[in-house]
Amino acid sequence: MKSILSVGVGGTIGALARYYFTVPLNSNSWFPFGTFAVNMIGSFILVFFLTVILEYIQSTSYLVLAVSTGFVGAFTTFSSLSVEAVKIAQYSPVNSLLYICSSFVFGFILAFIGRLTGKVLIANLKRETESTEGADVCE
Numbered sequence: 253m254k255s256i257l258s259v260g261v262g263g264t265i266g267a268l269a270r271y272y273f274t275v276p277l278n279s280n281s282w283f284p285f286g287t288f289a290v291n292m293i294g295s296f297i298l299v300f301f302l303t304v305i306l307e308y309i310q311s312t313s314y315l316v317l318a319v320s321t322g323f324v325g326a327f328t329t330f331s332s333l334s335v336e337a338v339k340i341a342q343y344s345p346v347n348s349l350l351y352i353c354s355s356f357v358f359g360f361i362l363a364f365i366g367r368l369t370g371k372v373l374i375a376n377l378k379r380e381t382e383s384t385e386g387a388d389v390c391e
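For the sequence shown, the numbering used here begins at 253 and goes up steadily by one.
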């Protein structure tokens with residue numbers, strides 16, 4: 253039951269965030285900037301979060317479920333990307349292909365940056381913890 257609640261709460265927040273983020277950015281544009289943006293942000297957040305949580309904090313599975321499956325799962329959207337790519341292809345197959353390719357390429361780049369950023373944060377947190385523990389011993 254806690255797992256379902258974790259996913260539900262995270263999913264509700266993620267879906268609302270996506271709605272309020274994509275609606276203004278997708279209106280009146282040939283390019284779905286809102287969907288592109290949430291997918292890029294989601295790629296970064298998911299890998300960053302999992303790196304920090306699983307490698308440093310080692311948190312409960314409920315937090316992982318709430319953020320990864322719930323929030324990021326509802327915030328990002330492959331199905332909207334697919335529908336928008338088909339719509340764009342009706343008018344410009346080249347632009348549709350650019351949208352698809354840029355989504356995957358930049359998604360992977362941001363996931364990689366999320367991992368690097370998470371690793372840097374972990375290293376800084378460990379260094380800070382070690383220096384704080386060392387200061388306590390000296391006193």
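Where a beta carbon is used, it is the ideal one built from N, C-alpha and C, also for glycine.
Open item on the list: Closest to residue 339 by C-alpha separation, out of 321, 295, 266, 284, would be which residue?
Closed with: Within the sequence shown, numbered from 1, the residue matching residue 339 stands at position 87. Selection 321, 295, 266, 284 evaluated against residue 339 yields 284 as nearest (Cα-Cα).
TODO: Take residue 318 and list the residues in its own chain whose beta-carbon comes closer than 8 Å to its own, dropping the five residues that flank it on each side.
DONE: Mapped onto the sequence shown, residue 318 falls at position 66. Taking C-beta separations shorter than 8 Å and ignoring five residues to either side along the sequence, the partners of residue 318 in its chain run 258, 259, 261, 262, following chain order.
TODO: Look at the alpha carbon of residue 296 and the alpha carbon of residue 347, and state the distance between them as a whole number of angstroms.
DONE: Stepping through the sequence shown from its first residue, residue 296 is reached at position 44. Stepping through the sequence shown from its first residue, residue 347 is reached at position 95. One Cα belongs to residue 296, the other to residue 347, and the distance between them is close to 24 Å.
Open item on the list: residue 303 and residue 254 - do their beta-carbons sit closer together than 8 Å?
Closed with: Position 2 of the sequence shown, counted from the start, is the residue given in the question as residue 254. Position 51 of the sequence shown, counted from the start, is the residue given in the question as residue 303. Going by C-beta atoms, residue 254 is not nearer than 8 Å to residue 303.
Open item on the list: Please state the DSSP three-state secondary structure of residue 345.
Closed with: Here residue 345 refers to the residue found at position 93 when the sequence shown is read from its first residue. The DSSP-derived three-state label of residue 345 is helix.
- [ ] Within its chain, find whatever has a CB closer than 6 Å to the CB of residue 314; leave out the 5 residues flanking it on each side and keep chain order.
- [x] Within the sequence shown, numbered from 1, the residue matching residue 314 stands at position 62. Cβ neighbours of residue 314 beyond the five flanking positions: 254, 258.
Open item on the list: Assuming the contact rule is C-beta atoms closer than 8 Å, residue 273 and residue 286 should be a hit. Round their C-beta distance to whole Å, please.
Closed with: What you label residue 273 is simply residue 21 of the sequence shown in a count that begins at 1. What you label residue 286 is simply residue 34 of the sequence shown in a count that begins at 1. Taking the Cβ atoms as the reference, residue 273 lies roughly 6 Å from residue 286, within the contact range of under 8 Å.
- [ ] Assuming residue 327 contacts residue 290 (C-beta within less than 8 Å), just tell me the rounded distance between them.
- [x] Walking along the sequence shown from the start, residue 327 turns up at place 75. Walking along the sequence shown from the start, residue 290 turns up at place 38. With a contact defined as Cβ atoms closer than 8 Å, residue 327 and residue 290 qualify at about 6 Å.
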